[in-house]
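So the structure is just underneath, and the comments pick up after that.
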Amino acid sequence: MGMNLFILATFLLSVLIGWIVIPQIVLISKKKRLFDALSARKSHTGHIPRLGGVSFFPTFLLSLTFFLGLRYSFGYVFEPDVQIDSFTDLLFLIPGVVLLFFIGLADDLAGISYRIKFLAQIISACLIIFTEDYITNLGGLFGIYEMNDYLGIALTILFVVFITNAFNLIDGIDGLCSGLAMLSLIAFVWWFTWTGMYIYSMMAAAMLGVIVPFFYFNVGNKNLKIFMGDTGSLILGYIIAILGLKFYNMNVGNDAYGFEAAPAILLGLLFIPAFDTCWVFFERLSLKLSPFHPDRRHIHHKVLKLGFKHIHCTLIILILQTGFILMNVLLKNININILVCMNLILGVIMVKTIDYMGRRRTIPSGKTIKVKE
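Written as structure tokens, this is what we have:
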């Protein structure tokens, strides 16, 4: 019970700090005219600050370290091995987040090349190697179990960079990136608490806490509306990727928790951002475009074309994501390859159905119905 109170307190402190700090960021941004630039690809009008993500890392770090310190002061300690592993992970997580914080902030304030952002993501992902918490077993995916360490390290770096990018790219309409992050973080808080990995549940709770007030100001407060910018989405994606890796390594090849298809369950937790990124890259490459070519092919753009408002699009996509999470958890013990195929088939059906419904909104004369975005 005592540890659960520390987790709850970490979450509540993050909520409180976010509730105080985010409005101040909005006011300062308006005073200094630090707004999100308008363009043909943007789905908003008006001058909206985009520095909400500046609050994420300081709030996360303050809440987490404060209650970790209090916990040890009150004598709530881990077994030595668990304690060393947890703190090693945290010590290498922090420099990775700091690097992405500076890169994201530079992009939000002045704009930088996607190549620089990509390089920063790779460097941050490489730090995970020092924790020795990289992928070494695919749990039967494609018939592969144990892997060579070098291949596992390369796959781990690819996974972290991919998920970091996925959350960065899905951040296109109000509440979507933060809403998807909340679903993943809630699952991680529950999971790590249930398994007794309390530092990781506190990490997830600290991140979740600051997302809650941000979601409110992003979606529900017109006067203090703010975007998270690259600073926020990069940090969110990176922390969720690290938590996902820990979840994966605790479950793959381990029957203790009853999740036989651990890679597929992790895919379910991150399905919409991950699948959307793959699908958009595939569409662009099929048209001989760069996978990073800016356009309006993401799932939220497709749903917007159906005539829904931002909040309704967000709710629809969050409901779909919840469905994928529940499906994968309920089917956690079936063959992993079957479960992965089910996810991919349903993902294709989802996108194709939305595309078909979007085409149905085309007037016979060939003119497209104007969609208010």
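Here the numbering used here is used: the first residue of the sequence shown is -16, the next is one more, and so on. No residue lacks a Cβ here, since even glycine has one placed at the ideal position from N, Cα and C.
Asked                                                                                                                                       : Found
Find the nearest neighbour of I337 within the set G306, H295 and K288, judged by alpha-carbon distance.                                     : K288
For N206, which three-state DSSP category applies?                                                                                          : coil
Ends of the alpha helix (DSSP H) at T114?                                                                                                   : T114 -> no alpha helix (DSSP H), and no H or E assigned at all.
Helix, strand or coil: how does DSSP classify E266 here?                                                                                    : helix
Based on the DSSP secondary-structure assignment, which residues constitute the bridge partners of F18?                                     : P32
My understanding is that I0 touches L44, with C-beta atoms under 8 Å, so please give their C-beta distance in whole angstroms.              : So it is not a contact: roughly 11 Å between Cβ atoms.
Considering only their Cβ atoms, is the gap separating G341 from K285 smaller than 9 Å?                                                     : yes
So, do the segment 185 to 202 and the segment 147 to 165 have three or more beta carbon pairs nearer to each other than 8 Å?                : yes
Tell me the DSSP secondary structure of N120 in three-state form.                                                                           : strand
Is L53 close to chain C? Criterion is C-beta to C-beta, closer than 9 Å.                                                                    : Protein chain content of the structure displayed is limited to a single chain, and chain C is not contained in it.
Does the separation of the CB atoms of P6 and L207 fall below 9 Å?                                                                          : yes
Pull up the DSSP beta-bridge partners for E129, would you.                                                                                  : N120
If you run the structure through DSSP and keep just helix, strand and coil, what is Y339?                                                   : helix
What separation, rounded to the nearest whole angstrom, lies between the Cα atoms of F171 and K15?                                          : 37 Å
Does the Cβ of K350 have 16 or more other Cβ atoms within 10 Å, making it buried, or fewer, making it exposed?                              : Any reading at K350 is ruled out, since the residue's pLDDT is 48, under 50, leaving its predicted position unreliable.
Under 9 Å between the Cβ atoms of A149 and T260?                                                                                            : yes
Measuring alpha carbon to alpha carbon, tell me which of I(-10), W2 and F113 ends up nearest G52.                                           : I(-10)
Can you say whether P196 is buried or exposed, counting buried as having 16 or more other CB atoms within 10 angstroms of its CB?           : buried
Since T147 and L217 are thought to touch, with beta carbons under 8 Å apart, how far apart are those beta carbons, to the nearest angstrom? : 6 Å
Can you round the beta-carbon distance between L228 and D116 to whole angstroms, since I take them to be within the 8 Å contact cut?        : 6 Å
L252 and S184: beta carbons closer than 9 Å?                                                                                                : no
Locate the alpha helix (DSSP H) running through N318, then write down its first and last residues.                                          : N318 -> no alpha helix (DSSP H), and no H or E assigned at all.
Can you tell me whether P78 is buried or exposed, with buried defined as 16 or more other CB within 10 angstroms of its CB?                 : exposed
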